[in-house]
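If you want our numbering, it's the 1-based position in the sequence shown plus 4.
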Amino acid sequence: MALNMLRRPESSQEVAAHSLNGDTVKVANSQNQVYRTALLSFKAKILKDTTGVLSSWVGSDCCAGDWEGIQCNPKTGRIVTLQLQVPSDRSSALYMKGTLSTLLGELQFLEALVTSGMKQIGGSIPEILCQS
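In structure tokens form, the structure reads like this:
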């Protein structure tokens with residue numbers, strides 16, 4: 005699987021808002037829980053994480069900056085990028101092994117899913133993420 009770009013427009017529908025470092029974050033705690041559940045479902049389907057990326061996926065806030073490979077929109081708090089890329093200086097023996105979780109479809113504002121170099125991850129990209 006190589007680079008897959010996905011574009012989704014920002015929703016005009018507002019959800020709970022609060023301030024974080026002066027920026028307005030428009031994401032409900034329940035939405036963050038949906039994202040967390042989707043990401044942890046993906047993590048659970050990875051049989052071998054030889055990159056160590058997924059070991060950082062702990063805690064309750066996947067957009068706090070501690071979850072490696074996750075980028076969130078600072079204004080909305082929504083996950084926009086999931087980047088699981090093997091650095092070019094690493095051996096192909098370090099590829100993750102497993103399957104994509106269908107719950108990744110819950111990341112409805114995902115703009116980019118980068119799995120470059122992850123030749124051992126199988127499965128289909130959830131259909132909802134392939135719609136523009």
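From the three backbone atoms N, C-alpha and C, an ideal C-beta is built for every residue, glycine too.
This one's a predicted model, so the numbers in the text were calculated from it and none came from an experiment.
{"Item": "Taking the CB atoms as reference points, tell me whether L107 and L133 lie closer together than 8 Å.", "Value": "no"}
{"Item": "My guess is that I83 and L114 are in contact by the Cβ rule of under 8 Å, so how many angstroms apart are they, rounded?", "Value": "6 Å"}
{"Item": "Is it right to say L51 is buried, meaning 16 or more other beta carbons lie within 10 angstroms of its own, or is it exposed?", "Value": "exposed"}
{"Item": "Considering only residues of the same chain and omitting the five flanking positions on each side of E72, which have a CB-CB separation below 6 Å?", "Value": "V57, S60"}
{"Item": "How long is the line joining the alpha carbons of V62 and G69, rounded to whole angstroms?", "Value": "11 Å"}
{"Item": "CB-CB under 8 Å to G126, same chain, minus the five flanking residues each way: which ones, in chain order?", "Value": "G102, T103, L104"}
{"Item": "So for T41, helix, strand or coil by DSSP?", "Value": "helix"}
{"Item": "Less than 8 Å separating the beta-carbons of C66 and Y99?", "Value": "no"}
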